[in-house]
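Residue numbering for the sequence shown follows the working numbering, beginning at 8 and increasing consecutively.
Ideal Cβ positions, reconstructed from N, Cα and C, are used throughout, including at glycine.
To start, the structure itself, in structure tokens.
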Amino acid sequence: MYAMTIPRPGGPEALVWAEVPDPVAGDGEVVVDVAATAVNRADLLQRQGFYDPPPGAPIYPGLECSGRIAAVGPGVTGWAVGDEVCALLAGGGYAQKVAVPFGQLLPVPKGVDMVSAAALPEVTSTVWSNVFMVAHLRPGETLLVHGGSSGIGTMAVQLGKAVGATVAVTAGSADKLAACRDLGAEVLINYREQDFAEMVSADVILDIMGAKYLDRNVDALAVNGRLVVIGLQGGVKGELNLGKLLTKRAAIAATSLRPRPLAEKAAIVAAVREHVWPLIEAGNVRPVIDRTLPIQDAAEAHRLVEGSGHVGKVLLTF
């Protein structure tokens, strides 16, 4: 098969389309013929040499895909050759075929085409596991989503709205804020011009920035609020005022999805299938796709995501 390889770390030009060995379905795995994958910021970090895949994972970038099952390994139940699926991956989505633990498979939702389904596994798993399984967002509460126009952000806005929360977002332009409003966000904050900590009191905050926003995130938390950090675009070390945290009886959690054990990922995927897939199939939640490019244009897709010029997901097709 062919895959987008990284012979040496670097800029987008470091991505090289090359022939590589085909994957084999091991115990508890299926092989998927990939129809599409999506670009995530983790892929950019991996290309730069900063985020290696977990041990045993495919070495090529790509944290999600859609396609058809081509082979089924021993110990797999509930899936068969020919099934149309999308999948959460630890790596390998930028390849014509990928081996996937069967607990990380999801059916392509009704009403969603196979290519668009590639936009769903990573964002739904990230948002559901953090906003709902960790932070326990409840109806009537306020959710603040940083980077509301990103792939994760657009899904968080929709799921927050779907469960009856008031959703606030930060974004860097009027166009991006308008896109968030169209998805259900009610409090729109331009982070270039406004201080979110002065504009919202949030029960749950989903944060991609890390250190840069830490102090103001605590300011923005309501009493009994929960801050979940899932990204470090603003740095890894910040000063935490424990006095403010105590006064608000608030909590901070930090999580990552890619390196989790298979059983934890399978539990998250099962929860997504139970809670999120019905919302998608009912038309209440949808994948938000900025554009779709052929896999050979992966470098261009990386430049686009690095420049933050997109709304939603950027997909790569085979």
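Item	Value
Could I get the ranges of all uninterrupted alpha helix (DSSP H) runs contained in the region 281–310, with 4 residues as the minimum, in chain order?	284–288
Assuming contact is defined by CB atoms lying nearer than 8 angstroms, are glycine 238 and glycine 217 in contact in what I supplied?	yes
Could you check where the beta strand (DSSP E) with glutamate 91 kicks off and where it finishes?	91–95
Closer than 7 angstroms by C-beta to isoleucine 66: which residues in its own chain qualify, once you throw out the five before and the five after it? Chain order, please.	Pro60, Gly98
Which of helix, strand or coil does DSSP assign to valine 31?	coil
What is the DSSP secondary structure of glycine 189, reduced to helix, strand or coil?	Checking the displayed sequence, the identity of residue 189 turns out to be aspartate instead of glycine. It is helical.
Looking at the unbroken beta strand (DSSP E) that takes in arginine 265, where does it start and where does it end?	Element bounds for arginine 265: n/a, residue is neither H nor E.
With 16 as the cutoff for other CB atoms within 10 Å, does arginine 54 come out buried or exposed?	buried
Using the Cβ count rule (16 or more neighbours within 10 Å means buried), how would you classify lysine 244?	exposed
Does the contact criterion of 3 or more C-beta pairs under 8 angstroms hold for the region 120–129 versus the region 70–88?	yes
Quick check on DSSP: helix, strand or coil for proline 114?	strand
Give the straight-line distance between the Cα atoms of histidine 317 and isoleucine 296, rounded to the nearest whole angstrom.	9 angstroms
At 4 residues or longer, and completely inside the region 13–88: list those alpha helix (DSSP H) runs for me, N to C.	48–54
Only counting the same chain, and skipping five residues up and downstream in sequence, which positions put a Cβ closer than 7 angstroms to that of threonine 131?	Met162, Val279, Val283
Straight-line CA distance for alanine 308 to valine 230?	41 angstroms
Compute the beta-carbon to beta-carbon distance between alanine 25 and isoleucine 13, rounded to the nearest angstrom, for a pair I have assumed lies under 8 angstroms.	The Cβ separation is near 10 angstroms, so there is no contact.
First and last residue of the beta strand (DSSP E) that includes asparagine 231?	228–236
Would you kindly check if the distance between the Cβ of aspartate 222 and the Cβ of glutamate 246 is under 8 angstroms?	yes
Alanine 172 and leucine 144 look like a contact to me (Cβ under 8 angstroms); what is the Cβ gap, rounded to whole Å?	6 angstroms
Excluding five sequence neighbours on each side, which residues of the same chain lie with their C-beta closer than 6 angstroms to the C-beta of isoleucine 287?	Pro116
When you compare only the Cα positions, how much space is there between isoleucine 275 and leucine 96?	13 angstroms
Keeping to the same chain, check which residues put their C-beta closer than 6 angstroms to that of leucine 184; ignore five residues upstream and five downstream.	Ala178, Leu195
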